[in-house]
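The listed protein sequences derive, respectively, from chains A and B. The end of the first sequence is residue 664 by our numbering, with every number in the run present. The end of the second sequence is residue 1544 by our numbering, with every number in the run present. Cβ atoms here follow ideal geometry from the backbone N, Cα and C, with glycine treated the same way. Shown next, in structure tokens, is the structure this report addresses.
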Amino acid sequence: MEEEELQKAVYAYLRKKGFRQTELALQEEQNRLSSSAQSDLAVSRLDNDPARYHDAYSKLRSWAYSSLDLYKHELLRVLYPVYIHCFMDLVAEGHMQEARTFFHTFREDHELTHLRDLQKLEGILSPSHLEEMELARSLRQNKVKIKLCEYSYDLLLQYLQKTQSFTMLGIINEHINFEVSAGQPSSISDDADVVALVGSSQDIAKHINQKEVRWGLLEDSVEERLERALSDSEKAEGENKEVDPEDSKQKRSVEGAKQGVSVKKLKKDKLVGATGKNIRSETSTVSMAPRVKPELTLPVMTTEVEQSILEDLRNRVQLSSLALPSISFYTFINTHNSLNCSSISHDGSLVAGGFSDSSLKVWDMAKIGRPTKTFTEQQPSANLQGESESVQNEHLLGPEERKRSYTLFQGHAGPVYSATFSPFGDFLLSSSSDSTIRLWSTKLNSNLVCYKGHNYPVWDVQFSPVGHYFASCSHDRTARIWSMDRIQPLRIMAGHLSDVDCVQWHANCNYIATGSSDKTVRLWDVQSGECVRVFIGHRSMVLSLAMSLDGRYMASGDEDGTIMMWDLSSGRCVSPLMGHSSCIWTLAFSCEGTLLASGSADCTVKLWDVTASMKVPRMEENKASSTNRLRLLKALPTKSTPVYTLRFSRRNLLFAAGALSKQV
Amino acid sequence: MSIVPKETIEVIAQSIGIANLSTDVALALAPDVEYRLREIMQEAIKCMRHSKRTVLTADDVDSALSLRNVEPLYGFASGDPLRFKRAVGHKDLFYIDDKDVDLKDVINAPLPKAPLDSGVVAHWLAIEGVQPAIPENAPVEAIVAPSENKRSEHGKEDGLPVDIKLPVKHVLSRELQLYFDKITELIVSRSDSILFKEALESLATDSGLHPLVPYFSYFIADEVTRSLNDLPLLFALMRVVRSLLRNPHIHIEPYLHQLMPSMITCIVAKRLGHRIADNHWELRDFAANLVASVCRRFGHVYHNLQYRLTRTLLNAFLDPSKAMTQHYGAIQGLAALGPSVVRVLILPQLETYMQLLEPEMQLEKQKNEMKRKEAWHVYGALLCAAGKCLYERVKLFPSLLHPPTRQFWRSNGRVATKMPNKRKASSSHLLQQPALKKLASDGTAGSIPPISMTTSMQAAADGFPTPSESGIRPSSSTGQLSNESISGGSRKEKSGGKAPTPSTVLAQAWKEDLDAGHLMASLFELFGEGIFSFIQPVEMSFFL
């Protein structure tokens, strides 16, 4: 009598204080004690019987499925971690046959959300594989966190107690952390955590995501100067002085005179332009972004370059959901399935292609542009001698066999997986499966440097927005930062659990983002080399990344055709969006950040309205995420040409490139 | 259970010379082999993704192997993805069809053409968000009003601020509008100019015209109903239709329902053009060919297209109250659809029709010069249709006719050359016919060795259907065929002495096993030796 009361008091105390684990442990202990009263023989038999996993899990499953509708989805979340750990326990104990049967019996339940993980786990056939496979190891080592409301938690506990299923209880204790919240069960849509059950410990992720990210733009950027010049002419001269930082004052006053004329022109354009309202709102969002100091010493821009940028900015077309961009498409022909990557220089005049025969070819489109017209005239004659069936395009360059239309860069010893032009088009970087990165000069048409550092194929390389620095990522699970004048990397970013597949610089050059086969995207501080954000939510390998130019948002595209939009400051997904049916090879933000373009293996370029998705959550945070989606503005199909590269020029013309592939 | 059973391991062990592999080892190895396989595949898929492909190739597997420091597999490299064949009787067992290659053939073969060098071409995928209709872009699917597209998308997202756009009034660019105006003006006013020919060429080749198709089809339908009196205009319109049909960039299917009635009108209308001198026959022929080409092209998509067309034409043909011009159009329309249509639909009706037609053609019975002329036109069309049909038959069984026709030819050669165009003398000709026919039947029946030979050959041909034969006999199965041929053969043998009556022959003309000689004889009875001109080419070939 007394003992029972005491027990109740203890339970009440534990519950009041929120000591869930202790409570659970206590219960387990009690159960064990009470069950030990039963025949020891039975227990020991039960312990070794591999069928107990199957029985206990199927019981738990049928109980969860028949539970109250309101709490069902929460309880169902528990099933998946229990399921995979049951399987791995069975494997670890060496009951291979049973493990297989178990796995296949319940596989269907989880296929929808966790297909790719299941495909990997399926391959585990012996206890040693558990050690070897990174996914299994991380799943075993880390606890999964599941959010439950108070009542579902109680329900679960009651069930486990009542049925005395120690197997389940053990697994739940060992591998699941419950985060019990008071009140109503969370909505079904909010199961990002369940989706992201990828093994990377979520506590760590959460911890990392608490770090501060200064996502603002660089101080004193060219854009800012142009804008300031704009506001200067509007405001009185006197106010101007406090805004200006002292050091750039002299420079500015020189420039001010030059800009005077063009600024007026720009203003006139604004009045004339139909989308005048949009411009105002866009320019204001850019200037709203906070300013940060660069952590790297930035290269000095020459005045000619600066002038050309200013010229581009003045001539920039303002894009919005009502004013869509023009797209110039570069089609690679006769690639014989060997084109691995392509890159377009900022003004679209140079196009590079990396091939699997380890060559790198650069086309000067400014030169090609003219002769193509004469080729079209010659085309009938080409048709006569050649095969008449093939696609028209193929003949365009046919007669030109003697003189190559491109510059051939040879030096790599393996397939070239990535190429990138420097911001001003005078350098070209390429990365290859021979684990090197090479720097080429487009002026001298020769190789300048070979950077050796990675140990495995280098999947991606990207120049920083200011040039000079570049980032690379590799099969060796690291990303590295380099500068053009050193042959050793400056920083090595390690932390991903699998290949790092893509890399992208933040607009202010202080961060890089990396996408990986472990289905996460990470943001790294370039100065410290630390990981400052982990973005969890993709269900398959991340293939492409893009950063908005105001520095606040990042988009990532994966193998399944899902694009996710992330808020860098909060580390949360603004909105996942579906639309593509195959791999997203490339993503690009328009210069003022209103549009996102995506290119995919399903032979389409899609344009998404980004403003719609970003403004809603800002106004009403609580309703967010589930309802809003990036709005698809336009899908532009190509003629059986998967889109490999997209790039907005500084004037907001969109360049796209892809290799013509004939359907078999 | 697992993908790699232990038996596989044992087989592999034997193949490399380990004869006595213990079962335990195989059992332990099998799961590990499977795990390694999966690991390699995982790496290979990564390589595939980084090569921006969605199809796994042997190269990817090689790259994956080299990632793991394993010697790559040699001999599987190929530029194209491998073609797998499904093993018969297994649901998910595939193999590569690896044929033996004779080294001699490879050496003796001429050098293959060097592959074309890679290149880059540029085009506009979109101009301010609008995709231009140029050959480099994917063909535009049937035009959907852009507003509809948007609406359906808006429906999906709820609670978002939606900017509603008014339905777009017209999506035609100014250039296209100008083009349309220019073309229609040419059609209406200056269809005989050289410029119009250029316009037709442009309509047949230009790739950006798709948005105009609904306007053109409406225009054509409208003009045809309005100006049946204006023959040049109708002709011009039909030429425009032909150009539109020819244009490979235009997706004309959705507009066929609008164009077909106009075309059929141009075939079977009672009056086309307002002057007597107007050569509306030519227009009818032109339109008939046009309709036939539509049937050939879209018949498989709209399976009732030809059925509906033939029904309309047949109704016109069989209705005695219809004018001769309409009959003419119907016959031409049916004839254009091919000899088999003629055989099935026209030949059975031929004899009765000829009875109706004959009085119209004769000077004494039909006083109206105009009507008589029309009747002669119809006669010509019928002759032509039947003759082509016969020609086809003769071409298929060239050997069957030779002996009899040669006799025909010899006996009638003089007459045939003597009367080229003098159809007016047909009244006297008709008197001659019985005699000639008698001669013909005598020819077949009298020369007994040849006829017995032909029948036996016929039977043989029927008994062992040759490819060409089964090709032209889609309706009857082979089982039926043999029965039919036996009965046909027996029937023929029975009636070997006396020729079957023309009506039965014609009614049975659709039957393949009908002796072409009989068909020939009956047609001869109806048309006189005008029909011989259709057999001439075969004769020529025979003599050669």
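Boundaries of the beta strand (DSSP E) harbouring A/Lys606: Thr604 to Asp609, taken from the DSSP string. Taking all protein chains shown into account, A/Phe421 has 16 or more neighbouring C-beta atoms within 10 Å of its C-beta and is therefore buried.
Against chain A, the CB of B/Ala1269 has no partner CB under 8 Å away; the residue lies outside that interface. Interface annotation, A/Gly123: in contact with chain B, CB-CB separation under 8 Å. In the three-state scheme derived from DSSP, where H, G and I count as helix and E and B as strand, B/Asn1108 is classed as helix.
Look at the stretch 519–600 of chain A and you find these whole runs of beta strand (DSSP E), each 3 residues long or longer: 520–525, 531–536, 542–547, 553–558, 563–567, 572–577, 584–589 and 595–600. At the C-beta level, A/Leu324 and A/Leu549 stay beyond 8 Å of one another. Annotated as proximal: A/Trp459 and A/Ser474, with beta-carbon spacing under 8 Å. Beta-bridge annotation (DSSP): A/Cys502 is paired with A/Gly515. Taking 9 Å as the cut-off between beta carbons, the residues of the stretch 1115–1133 of chain B near chain A are Pro1115, Leu1116, Asp1117, Ser1118, Gly1119, Val1120, Val1121, Ala1122, His1123, Trp1124, Leu1125, Ala1126, Ile1127, Glu1128, Gly1129, Val1130 and Gln1131, in sequence order. Along the stretch 5–16 of chain A, there is no position whose C-beta sits under 9 Å from a C-beta of chain B.
The alpha carbon of B/Leu1350 has as its nearest neighbour, out of B/Phe1219, B/Phe1317 and B/Leu1021, the alpha carbon of B/Phe1317.
Look at B/Asn1315 here: in three-state DSSP terms it is helix.
As summarised for the stretch 285–321 of chain A, the continuous alpha helix (DSSP H) elements at least 4 residues long and confined to that stretch are 303–314, given in chain order. Taking the CA atoms as reference points, B/Thr1008 sits about 25 Å from B/Ser1063.
Taking 9 Å as the upper bound on Cβ-Cβ separation, chain B lies near residues Tyr456, Pro457, Trp459, Asp460 and His475 of the stretch 456–483 of chain A.
Contact between A/Leu543 and A/Cys583 holds: CB atoms are separated by about 6 Å, below the 8 Å threshold. Contact between the stretch 1335–1348 of chain B and the stretch 1378–1392 of chain B is established, with three or more Cβ pairs separated by less than 8 Å. In the three-state reduction of the DSSP assignment, A/Lys147 falls in the strand class. For A/Ser569, the closest alpha carbon among the candidates A/Asn173, A/Phe87, A/Gln210 and A/Tyr153 is that of A/Gln210. Chain-order list of chain A residues neighbouring B/Asn1137: Phe329, Leu636, Pro637, Thr638 and Lys639, by C-beta distance under 9 Å. Sequence-distant Cβ neighbours of A/Pro299 in its own chain, meaning closer than 7 Å and more than five residues away, are Val466, Gly467 and His468. Bounds of the alpha helix (DSSP H) holding B/Ala1336 are Met1324 to Ala1336. The Cβ neighbour count for B/Asn1229, taken over all protein chains shown within 10 Å, is under 16; the residue is labelled exposed. Fewer than three pairs of CB atoms, one per stretch, sit closer than 8 Å, so the stretch 307–319 of chain A makes no contact with the stretch 635–646 of chain A. If you check each beta-carbon in the stretch 1046–1064 of chain B against every beta-carbon of chain A, the ones closer than 9 Å belong to Lys1046, Cys1047, Arg1049, His1050, Ser1051, Lys1052, Arg1053, Thr1054, Val1055, Thr1057, Asp1059 and Ser1063.
Taking CB atoms only, A/Tyr53 has no neighbour in chain B less than 8 Å away. Counting along the chain, B/Cys1295 sits inside the alpha helix (DSSP H) bounded by residues His1280 to Phe1298. Per DSSP, the beta bridge partners of A/Pro637 are A/Thr604.
For A/Thr611, the CB contacts under 6 Å within the same chain, skipping 5 residues up- and downstream, are Thr594 in chain order. In this structure, DSSP gives A/Tyr451 an extended state, which the three-state scheme calls strand. Classified as exposed, B/Asn1108 has fewer than 16 neighbouring CB atoms from the shown chains inside 10 Å of its CB. For A/Phe332, a Cβ of chain B is located within less than 8 Å of the residue's own Cβ. Within the stretch 334–345 of chain A, contact with chain B at the beta-carbon level (separation under 7 Å) is assigned to Asn334, Thr335, His336, Asn337, Asn340 and Cys341. Shown in chain order are the members of the stretch 1017–1049 of chain B whose Cβ falls below 7 Å from a Cβ of chain A: Pro1031, Asp1032, Glu1034, Tyr1035, Arg1038, Lys1046 and Arg1049.
Here A/Phe329 is buried. Its C-beta has 16 or more other C-beta atoms within 10 Å.
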